[in-house]
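One structure is given below, encoded as structure tokens.
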Amino acid sequence: MAFSPDQLEQVRAAILAEPRGRNPAACCFLAESVLGYEVTPYFRSWVAWQLRFPRSVNLAKRGLGKSSASNVIDVYRILCNPNVRMVTISKTDEAATELNAPVRAILEQNETLKAAFGPFMGRQKWTDGGFTIAQRTDLKIGEPTLAARGIDGQL
Numbered sequence: 324m325a326f327s328p329d330q331l332e333q334v335r336a337a338i339l340a341e342p343r344g345r346n347p348a349a350c351c352f353l354a355e356s357v358l359g360y361e362v363t364p365y366f367r368s369w370v371a372w373q374l375r376f377p378r379s380v381n382l383a384k385r386g387l388g389k390s391s392a393s394n395v396i397d398v399y400r401i402l403c404n405p406n407v408r409m410v411t412i413s414k415t416d417e418a419a420t421e422l423n424a425p426v427r428a429i430l431e432q433n434e435t436l437k438a439a440f441g442p443f444m445g446r447q448k449w450t451d452g453g454f455t456i457a458q459r460t461d462l463k464i465g466e467p468t469l470a471a472r473g474i475d476g477q478l
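The sequence shown: position 78 = 401 (my numbering), numbered continuously.
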């Protein structure tokens, strides 16, 4: 979907309506209008819950969209706070890295996001195991924007 420059500014404003990254409506707008996800009632409720209680765990059954919602939430938080530091933890480093791959791909490939926020790839490390976005303003932060770790990995 192509947006005009005015529409891109509206997209950016809609996503950043709550700059602390706690607006479920803005996150669902990002998912549906920019990323092309189907936003189901479960998706909306999971996004709202996760944004309200970011350290919670969702143990729902397979196929309900937990990973998709988590990917969108990660992208949303990165857009709202370029200095954010997040970690995906799974059973193994490889599993956590696989969970991060869609987030990195969205930031690399989504033309609307790149047009609205600028290119995300900078000079920092850029892999599924961990990456730092180019928009980071606090250069003293040593941790990546999004890292992947297995449960026995070093944080």
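Ideal placement from N, C-alpha and C gives every residue a C-beta, glycine not left out.
Item, Value
"Simplified DSSP state of Phe398, which is helix, strand or coil", "A small fix is needed here, since residue 398 is Val in this sequence, not Phe. Val398: helix per DSSP, three-state reduction."
"Sheet register partners of Thr450 (DSSP bridge)", "Gly453"
"Under 8 Å between C-beta atoms of Met444 and Ala424", "no"
"Coil, strand or helix - Ile412 by DSSP", "strand"
"Beta-carbon contacts of Thr411 that lie in its chain and below 6 Å, excluding the five residues immediately before and after", "Ala419, Leu422, Asn423 and Ala471"
"Cβ distance (whole Å) where Thr455 is taken to contact Lys463 below 8 Å", "Actually they are not in contact, since the Cβ atoms of Thr455 and Lys463 sit about 12 Å apart, beyond 8 Å."
"Tyr365 classed as buried or exposed, judged by whether at least 16 other C-beta atoms fall within 10 angstroms", "exposed"
"Environment of Gly452 [buried if 16+ CB atoms lie within 10 Å]", "buried"
"Cβ-based neighbour list, Ala555, same chain, cut-off 7 Å, excluding 5 preceding and 5 following", "Residue 555 lies beyond the stretch modelled for the chain, which goes from 324 to 478, so this question has no answer here."
"For Ala471, three-class secondary structure by DSSP", "strand"
"Close Cβ partners of Phe440 (< 8 Å) along its chain, the five nearest in sequence each way excluded", "Arg335, Leu402 and Gln458"
"First and last residue of the uninterrupted alpha helix (DSSP H) at Gln338", "Sequence inspection shows Ile at residue 338; the Gln mentioned does not correspond to that position. Where Ile338 is concerned, the enclosing alpha helix (DSSP H) stretches over Pro328 to Ile338."
"CA-to-CA distance, Arg378 to Asn346, given in whole angstroms", "16 Å"
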